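With mature numbering (1 follows the signal peptide of the UniProt record, and there is no 0) applied, the sequence shown corresponds to residues -22 to -1, 1 to 808, in that order.
A quick write-up on the structure given underneath.
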Amino acid sequence: MQTRKALVALAVAATFSNSALAQNVSGQIIDAAGKPVANAEVHVENSKARTFTNDQGQFVLEGVNKGEVELHVRADNFNHYHREIQVTDQNLTGLSISLSPTVMEIIDIQATPLHSSSIESALPISVLAGDDLRMKQASTLGETLKNEVGVHSSYYGPVASSPIIRGFDGPRVLITQNGLDVGDASRVGADHIVATETATATQIEVLRGPATLFYGSGAVGGVVNVVDERVPTSTDTKLDYLLQHGTVADEDEASFSLNTGSGDFALHLDGFWRDSNDYDIPGFAENEAAHDDEHEEEHEDEHEGEEHGEEEVEGTLANSAAESSGFTIGASYLLDNGFIGFSYGRLDREYGIPGHGHGHGEEEEHEGEEHEEEEEESVFGDLEQDRFQILSDLYFKDQFISRVASKLAYTDYQHQEIEGGEIGTTFKNDSLEARADVYHKEINGWNGAFTLHYKDSDFEALGEEAFTPPSETTTLAFAWLEEKHYGDLLVQLGARIEHVELTPSGEAIEHHDDEHEEEEEHEEEHGMLEEQSFTPVSASVGLVWDYQPGYNLGFSVSYSERAPSAQELFSNGPHIGTNTFEVGALYDVVEHDDHVDIELGDQDVDIEKSFNIDLTWRKFEGDFGFIVSAFYNQIDDYYYQQDTGFFMEDGHEHGEEEHEEEGHEEEHHDEADEHHDEEEGLPVFVYRQDDVDLYGVEAEFIYQVSAPLKVSVFTDYIRAELSDGGDLPRIPPMRIGSQFNYQTNSFAAELAVTHYFKQDDVAEFETETDSYTMVDANFNYYLDGFGADTALFIKGNNLTDEEARVHSSFLKDDAPLPGRNITVGIRGSF
């Protein structure tokens, strides 16, 4: 024992000559009945000191620095524990820590610089991990998270769905991988895939509410952080695998993740493959109720019941097939005071973009060639991404700077929108991001960190149908976060300032649709698009009050500013993926007696300014627990897409009949009849600024009825109104759901029922969406002797084969949710 202590002291002295001798801290973790808790994680905040308890609940932490430190303990089915302890010149022994049981799963999160768990934050946080993540994992990030409280999905078919947090999506919800922006084009359009994979993730963290202090103005609505082990931090050998097959789209999937190493070197390798056909739906894809009677009669007369378009095939959503694959390799060098590591990841996806019925011309010209026609005229995306990451985390003893966590990522992203076998638009995004969280040692009870953050994104949309010009967005930011415990009260303070520059290249394009002159659309260059710069500032105060054992109140008030994205300012052209003609806020849409012009305007554009209040009440001990949250956001100069009711030519060689079949023209035709009876083309959506109010409630209640049976109920509601009257478009409806979980040593079963209410709070030209109820279930059977956590599983989604349409989707009237799906598979670890 003395020899080992001497060796530890020599190693520390060799690393930091001015550091004091570190000590050992030991003790035992027990439950409320005095029984030992095995495999509990024990660690010191802002330190590498970390260990796990043995079968007797005993632990020994080595290398703990002298002074007052914060000890943290977590274990499955127990409440998270933290305690301030004083470490002197002598080893600290004989600690006895009792953990209280909880019905909730409490997980440490990595999305914030300061330590926090899912119940210790002023803002509500959701974490998916372990079996829960594996059973909810879907082909897209949005579909994986859509049943989390406060989270919905944009649902652009099964292949391109992004998370919507409290009604926010697009550039207001940041998607990160291990804390850095994924660097794709998913914030640009609803039809663009989030370029990160959930099949190899270890956990997914959702920060609801403004997270601008941690990530910048792009996170004014929230953050989704996908955590994986692509940069390994341990040499322990572990292999995770998954094989499964789903019936609704004849989908096959396989994935694996391997971590190993030797000595000071750790290695990681993972990969996945997924292939699916067009998915099955109840009935027809097209929502007839959303279209006017006049069009229905015209449609019936002209086609006499024949199935011409993709949307006319009963029981299948055409052009919804997808194939994807990817792999990651990573390696780390483990140091005495941390690690430094590198990873490279490759992602390839080819996916159909449903909701397009182009190219169905004269019947006699295509008789007997329907299948070939659909092949040629389908719209699909082809995505490629290369991502390089460098991560390091270093701890320093007896220094003012106690820890430096650094992250660097370079992403080369490209995807093409292909229509009729020809490339319509190519999207490219080369992004470089660097971030350093610099932690200081405790000062008068305050723990905190300074963040330096740089991000550069070089975005291009190339081709005849490019709807936004090339642009470069550069962000440089500084943030400061502090927290301190005052007895049972945790105070969290933060502020951030950033400078954002948006530099477009190329000249502004004006569109003139003058039927009297040449009966065709004209485009002309008109001046240069000027560089835009903004300096958003954000600040917040958060309180977490443990007012009695097992309960706390979280309160947060914040002021957040967001710089507009390049798309919101500079867009001006047809976006075939979303079947819309997008116009940025720098342009004016001018209606004349007989035509519509899109002209470069002279109006100033502003940053969004929001005032946010969050209140969260939690009970997390015992057999009954709950989390109830209420929020209010008042936002000035909010950017949103407004349907103008006008139409513009999309530049295609389409016949009249096809345009009559356009879903979006049908959807928005009513209000524009007096000016556009015979109009053809894409509906014009323009970015406008207005003051809005968003508020809502979220609640989850969990009851452990008996040792094997747990019941939970949740609900969420969002209301989004323009301050001068009217509603924001595509806001998710209220919903309520319940889950029944039955768990034994050999099997686990779950039944979930969720009801989505009718959404009739709609914007101008927006249609209402009917209510629906989804019934899901899953069953796991655990196998002994086949490695750790090996399970045969079967899960069913939409068991009642309900026709369901997602109100927040641009394709709600053209692409319902999949029908009944049964998935079988095996997963496990070695």
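Ideal Cβ positions, reconstructed from N, Cα and C, are used throughout, including at glycine.
These figures come from a predicted structure and were not determined experimentally.
Taking the Cα of residue 420 as reference, the smallest distance to any Cα among 15, 44, 678 is reached at 44. Counting C-beta pairs closer than 8 angstroms gives fewer than three between the region 143 to 153 and the region 738 to 745, which falls short of the contact rule. Here residue 121 carries a helix assignment [DSSP, helix/strand/coil]. Residue pairing for residue 302: DSSP places it in a beta bridge opposite 252, 327. For residue 174, no beta strand (DSSP E) run applies, since DSSP gives it neither H nor E. Residues 192, 415, 427, 429, 459 of the same chain have their beta carbon placed closer than 7 angstroms to that of residue 91, with the five preceding and five following residues left out of the count.
If you look at residue 616, you'll find it in the beta strand (DSSP E) that goes 602 to 626.
DSSP places residue 783 outside any beta strand (DSSP E), giving it a letter other than H or E. Close CB contacts of residue 230 within its chain, under the 6 angstroms cut and outside five residues either way in sequence, are with 223, 253 (chain order). Under the criterion of beta carbons closer than 8 angstroms, residue 444 and residue 403 qualify as touching, at roughly 5 angstroms.
Taking 4 residues as the minimum length, the alpha helix (DSSP H) runs contained wholly in the region 168 to 255 are 190 to 193, in order along the chain. In this structure, the straight-line span from the alpha carbon of residue 235 to that of residue 319 is close to 17 angstroms.
Out of 677, 688, 698, 687, the CA that lies nearest to the CA of residue 668 is found in 698. Contact annotation: residue 518 and residue 479 have beta-carbon atoms that are not nearer than 8 angstroms.
In this structure, the alpha-carbon of residue 378 lies about 23 angstroms from that of residue 68. Close CB contacts of residue 20 within its chain, under the 8 angstroms cut and outside five residues either way in sequence, are with 7, 28, 29, 30, 31, 37, 39, 49, 50, 51 (chain order).
The C-alpha of residue 762 is placed about 49 angstroms away from the C-alpha of residue 673.
Put simply, of 679, 179, 54 the residue whose alpha carbon is nearest the alpha carbon of residue 694 is 679.
Counting C-beta atoms within 10 angstroms of its own C-beta, residue 113 has 16 or more neighbours from the protein chains shown and is therefore classed as buried. Shown here, residue 752 sits in a strand according to DSSP, grouped into three states. Measuring C-alpha to C-alpha distances from residue 102 to each of 122, 126, 119 identifies 126 as the nearest.
When Cβ pairs closer than 8 angstroms are counted between the two stretches, the region 728 to 735 is seen to touch the region 745 to 761, the count reaching three or more.
Taking each of 329, 155, 440 in turn and checking the Cα distance to residue 306, the smallest one comes out for 155. A straight line joining the alpha-carbon of residue 577 with that of residue 107 spans about 50 angstroms.
Straight across, the Cα-Cα distance linking residue 800 with residue 683 is about 28 angstroms. Under the three-state reduction of DSSP output, residue 575 falls in the strand class. According to the DSSP assignment, residue 472 belongs to the beta strand (DSSP E) that extends over 467 to 482.
Counting along the chain, no alpha helix (DSSP H) covers residue 399, and no H or E run does either.
Counting C-beta pairs with one atom in each stretch, the region 542 to 554 and the region 441 to 455 have three or more that are closer than 8 angstroms, which means they touch. With the rule of 3 Cβ pairs closer than 8 angstroms, the region 381 to 392 does not count as touching the region 193 to 208. Beyond the five residues adjoining it in sequence on each side, residue 85 comes within less than 7 angstroms, by CB distance, of 95, 96, 105, 107, 181 in the same chain, given in chain order.
In the DSSP assignment, residue 512 falls within the beta strand (DSSP E) that extends over 510 to 512.
Contact fails between the region 319 to 328 and the region 117 to 131, because fewer than three Cβ pairs, one in each stretch, are under 8 angstroms apart. Our two residues, residue 329 and residue 437, have alpha carbons roughly 21 angstroms apart in a direct line.
Cβ neighbours of residue 591 within its own chain (closer than 6 angstroms, five residues either side excluded): 535, 610. Rounded to the nearest angstrom, the gap between the Cα atoms of residue 455 and residue 755 is 45 angstroms.
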